[in-house]
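Heads up: the structure comes next, in structure tokens.
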Amino acid sequence: MAEPLLQARGIVKHYGHVEALRGCDFDVYPNEIVALVGDNGAGKSTLIKILAGSEQADEGEISLEGQRIHVGSPFEAMRLGIETVYQDLALAPDLDGSANLYLGRELMQPGILGKLGFLDNRSMRAGARKAFGELGVDLQNAQSAVANLSGGQRQSVAVARSVAWASKVVFLDEPTAALGVIQTARVLETVKRIRDRGVAAVLISHNMRQVLEVADRIEVMRLGRRVARFDAKKATIEQLVSAMTGGIAEEGAA
Amino acid sequence: MTALTPGRGQAMRLAIAGRFAPLAARWKAFSATRFGSIVARTLGTNGAWIFLLLVALMFVFNFLAPGKFWTEFNVRTMAENVSVLLVIAVGETFVMATGGIDLSVGYVLLFSGVTSAQAMNWGGHDPTNSGWDIVLLGLAVALGSGLGWGVLNGLVVAKAKVPALIATLGTLGMSWGLAEILSNGQDLRYLPSIIGDMGTGRVFDKIPFVVIVAILVAVVGGVTLNLTRFGRYTLAIGSNQEAARRAGINVDRHLIKVYAMSGMLAGFAGFMSLAIFTTTTISGHANDNLQAIAAVVIGGTSLVGGVATVVGTTIGVCIPMVLFSGFTILGYQSFWRDVAVGAVLILAVYADQLRRRRRERR
Numbered sequence: 003m004a005e006p007l008l009q010a011r012g013i014v015k016h017y018g019h020v021e022a023l024r025g026c027d028f029d030v031y032p033n034e035i036v037a038l039v040g041d042n043g044a045g046k047s048t049l050i051k052i053l054a055g056s057e058q059a060d061e062g063e064i065s066l067e068g069q070r071i072h073v074g075s076p077f078e079a080m081r082l083g084i085e086t087v088y089q090d091l092a093l094a095p096d097l098d099g100s101a102n103l104y105l106g107r108e109l110m111q112p113g114i115l116g117k118l119g120f121l122d123n124r125s126m127r128a129g130a131r132k133a134f135g136e137l138g139v140d141l142q143n144a145q146s147a148v149a150n151l152s153g154g155q156r157q158s159v160a161v162a163r164s165v166a167w168a169s170k171v172v173f174l175d176e177p178t179a180a181l182g183v184i185q186t187a188r189v190l191e192t193v194k195r196i197r198d199r200g201v202a203a204v205l206i207s208h209n210m211r212q213v214l215e216v217a218d219r220i221e222v223m224r225l226g227r228r229v230a231r232f233d234a235k236k237a238t239i240e241q242l243v244s245a246m247t248g249g250i251a252e253e254g255a256a
Numbered sequence: 082m083t084a085l086t087p088g089r090g091q092a093m094r095l096a097i098a099g100r101f102a103p104l105a106a107r108w109k110a111f112s113a114t115r116f117g118s119i120v121a122r123t124l125g126t127n128g129a130w131i132f133l134l135l136v137a138l139m140f141v142f143n144f145l146a147p148g149k150f151w152t153e154f155n156v157r158t159m160a161e162n163v164s165v166l167l168v169i170a171v172g173e174t175f176v177m178a179t180g181g182i183d184l185s186v187g188y189v190l191l192f193s194g195v196t197s198a199q200a201m202n203w204g205g206h207d208p209t210n211s212g213w214d215i216v217l218l219g220l221a222v223a224l225g226s227g228l229g230w231g232v233l234n235g236l237v238v239a240k241a242k243v244p245a246l247i248a249t250l251g252t253l254g255m256s257w258g259l260a261e262i263l264s265n266g267q268d269l270r271y272l273p274s275i276i277g278d279m280g281t282g283r284v285f286d287k288i289p290f291v292v293i294v295a296i297l298v299a300v301v302g303g304v305t306l307n308l309t310r311f312g313r314y315t316l317a318i319g320s321n322q323e324a325a326r327r328a329g330i331n332v333d334r335h336l337i338k339v340y341a342m343s344g345m346l347a348g349f350a351g352f353m354s355l356a357i358f359t360t361t362t363i364s365g366h367a368n369d370n371l372q373a374i375a376a377v378v379i380g381g382t383s384l385v386g387g388v389a390t391v392v393g394t395t396i397g398v399c400i401p402m403v404l405f406s407g408f409t410i411l412g413y414q415s416f417w418r419d420v421a422v423g424a425v426l427i428l429a430v431y432a433d434q435l436r437r438r439r440r441e442r443r
């Protein structure tokens with residue numbers, strides 16, 4: 003296999019006396035969908051928060067394309083090409099899809115108008131159409147407030163927003179938790195397209211069937227450590243569950 | 082049997098809905114056109130209905146009092162009377178678009194008028210024949226005073242995390258008290274005559290300067306809210322503050338700017354008030370803050386933020402004025418305006434609630 007795109011080694015994170023991560027490793031390779039699975043409290047969300055910059059590790063190293071990096075804040079992560087789709091959909095519901103896509107990164111009018119703070123809505127709308135089109139997201143009315151969209155479409159906007167700006171890695175924390183069957187299929191389709199665009203996707207999910215269907219690789223966490231890695235084509239639900247619950251020996255100890 | 086036949090209430094509702102259906106369809110078709118979509122978006126969701134209400138009120142009053150309501154004199158008086166309120170309501174629109182509220186505007190207006198008048202009277206000299214230098218000094222002091230209170234409001238809301246309702250209630254009391262202390266409760270009546278000329282001046286002998294100035298403020302405010310990054314951030318913060326923060330927007334700094342702008346506009350309104358009344362009118366601004374808030378809400382700005390239009394606010398400022406003038410001309414007590422405005426206010430917020438609930442259900 004190629005060099006890992008994003009690599010975490012020996013990540014430790016304490017919350018008071020609770021040890022959320024106890025020397026956790028994690029690898030993301032280029033052009034793959036890697037699923038991160040584990041029981042509640044295994045430390046998945048904590049690991050993602052650290053990699054996405056919203057929490058700081060107490061110990062351990064993170065490197066991107068072989069270079070050691072320090073991800074001090076979500077903005078630093080964004081600058082490095084790492085984006086996160088949050089579980090609670092960080093969208094502004096009263097704004098339209100294009101405004102949400104470009105939120106915080108607005109395109110300005112050229113020249114003096116731009117200096118005065120005037121937005122280039124036409125270019126942003128065109129960019130949004132393209133970005134949504136690339137992901138197969140069909141917004142009938144691009145000027146409608148995001149709140150008027152269905153749950154699946156809203157999730158798609160959130161995913162599209164992250165994907166549009168991510169050049170390296172996208173983290174998706176339970177992106178289908180609140181969705182129906184059809185919307186779930188849509189979002190998973192979107193995740194596959196992320197990979198096809200050459201960006202790695204990290205998918206956190208509790209749905210083992212979904213994980214096996216979408217992911218290329220699966221990393222399993224238990225009690226703050228990575229305990230197993232699987233090739234998704236060869237893994238079975240029984241194997242995953244047994245790794246999650248401690249039925250097989252830890253990776254490092256074996 | 083009774084359960085199967087529609088009740089009379091429902092039949093009536095259906096009949097009313099039927100009467101309005103062609104109108105609604107026409108509006109929908111209109112807003113699908115290029116020009117129509119611009120109009121529709123400018124008016125906002127409530128705007129179209131509020132605008133119709135304003136037009137209907139004017140027709141009704143004109144019908145009930147022909148030759149009295151729709152006269153040049155009366156329209157001009159109404160426009161003059163709303164101009165100061167419109168300026169503070171524009172600032173209030175931005176504050177409420179962020180999901181906040183600014184209760185202090187009326188008294189910041191008063192405070193700024195007092196400090197401005199005192200600056201122009203500095204050293205006890207009579208400024209009646211003073212030149213533009215003194216007038217500009219007065220304007221600068223009014224703007225500066227308003228800006229100061231606005232920045233304070235912004236800091237308390239954004240940095241100290243005190244809810245806007247309480248923060249601006251606090252500065253309301255402070256600015257009111259200090260205005261009374263500074264002026265000893267006495268209105269200052271000596272102002273440069275240039276200011277009075279500005280207050281009474283008219284363009285083409287018809288349109289008062291103050292009305293033009295207020296409209297300019299509203300136009301700049303509307304353009305800023307709809308077309309600039311400042312406006313986009315304002316609405317984004319009101320819509321979902323956490324999302325705005327995660328998108329890399331400096332939410333605290335933006336909130337401070339919005340409150341500062343509201344304060345500065347209140348300071349400017351204080352100067353306009355000096356020009357119109359040529360005195361500080363200490364007891365005349367008791368309800369300005371609530372009137373401004375009512376205007377903004379009637380205009381379709383959501384109480385929880387994220388949705389706002391300055392056009393709506395402008396209409397929302399005009400409706401109470403039209404009611405006041407209409408009731409007065411018809412010989413009713415002008416307090417009927419307060420009754421009617423109160424009802425319209427509740428309806429406006431109810432409409433916003435209904436819209437949000439309908440949206441949640443998707």
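For the record, the sequence lines run as chains S and C. If you count by the numbering used here, then the first sequence holds residues 3 to 256, one letter each, in order. If you count by the numbering used here, then the second sequence holds residues 82 to 443, one letter each, in order. Ideal Cβ positions, reconstructed from N, Cα and C, are used throughout, including at glycine. Treat the numbers as computed from the prediction; the structure is a model and nothing was measured.
Under the 8 Å criterion on CB atoms, Met223 of chain S is classed as non-interfacial with respect to chain C. Taking a C-beta cut-off of 7 Å against chain S, the contacting residues of the stretch 293-323 of chain C are Leu308, Thr309, Arg310, Phe311, Arg313, Leu316, Ala317, Ser320, Asn321, Glu323, listed in chain order. For Glu85 of chain S, the enclosing beta strand (DSSP E) covers residues 84-87. In its chain, beyond the 5 residues on either side, Val14 have a beta carbon closer than 6 Å to the beta carbon of Glu61 of chain S. At least one beta carbon of chain S lies nearer than 8 Å to the beta carbon of Ile330 of chain C. Against chain C, the beta carbon of Ala101 of chain S has neighbours under 9 Å at Arg313, Leu316, Ala317, listed in chain order.
Annotated three-state conformation of Pro289 of chain C is strand, per DSSP. Proximity of Gly387 of chain C to chain S, defined by a Cβ-Cβ separation below 8 Å, is satisfied.
Listed in chain order, the non-local C-beta contacts of Asp122 of chain S below 7 Å within the same chain comprise Leu109, Met110, Gln111, local neighbours out to five positions each way being set aside. In this structure, Leu205 of chain S and Leu181 of chain S do not form a Cβ contact; the two beta carbons are roughly 14 Å apart against a cut-off of 8 Å. Of all residues in the stretch 78-99 of chain S, those with a C-beta nearer than 9 Å to a C-beta of chain C are Met80, Thr86, Tyr88, Asp90, Leu91, Ala92, Leu93, Ala94, Pro95, Asp96, Leu97, reading in chain order. For Ser65 of chain S, there is no enclosing alpha helix (DSSP H); the residue is part of the beta strand (DSSP E) that begins and ends at 61-66.
Taking C-alpha positions only, Ala299 of chain C is separated from Glu67 of chain S by approximately 52 Å.
Among the residues facing chain C, Phe173 of chain S is not included, as its CB has no counterpart in that chain under 8 Å away. Annotation for Ile215 of chain C: Met201, Pro208, Pro273 place their beta carbon closer than 8 Å to its own, counting only its chain and skipping 5 residues before and after. Within the same chain, Cβ atoms closer than 8 Å to the Cβ of Leu306 of chain C are found at Thr174, Phe175, Ala178, Gly312, Thr315, Leu316, Ala389, Thr390, Val391, the five residues on either side in sequence being excluded. For His16 of chain S, the enclosing beta strand (DSSP E) starts and ends at 8-17. Secondary structure note for Met159 of chain C: its alpha helix (DSSP H) is the uninterrupted segment 153-178. Beta bridge pairing from DSSP links Arg228 of chain S with S:Met223. One thing to note: Ala202 of chain S has its Cβ within 8 Å of the Cβ of Glu34 of chain S. Take the alpha-carbon of Ala239 of chain C and the one of Gly344 of chain C: they are about 15 Å apart. Per DSSP, Val204 of chain S lies in no alpha helix (DSSP H) segment; the continuous beta strand (DSSP E) that holds it begins and ends at 202-206. Under the three-pair Cβ rule at 8 Å, the stretch 188-203 of chain C counts as touching the stretch 248-264 of chain C.
For a Cβ distance threshold of 8 Å, residue set Ala94, Leu105, Gly106 of chain S lies close to Ala325 of chain C, ordered along the chain.
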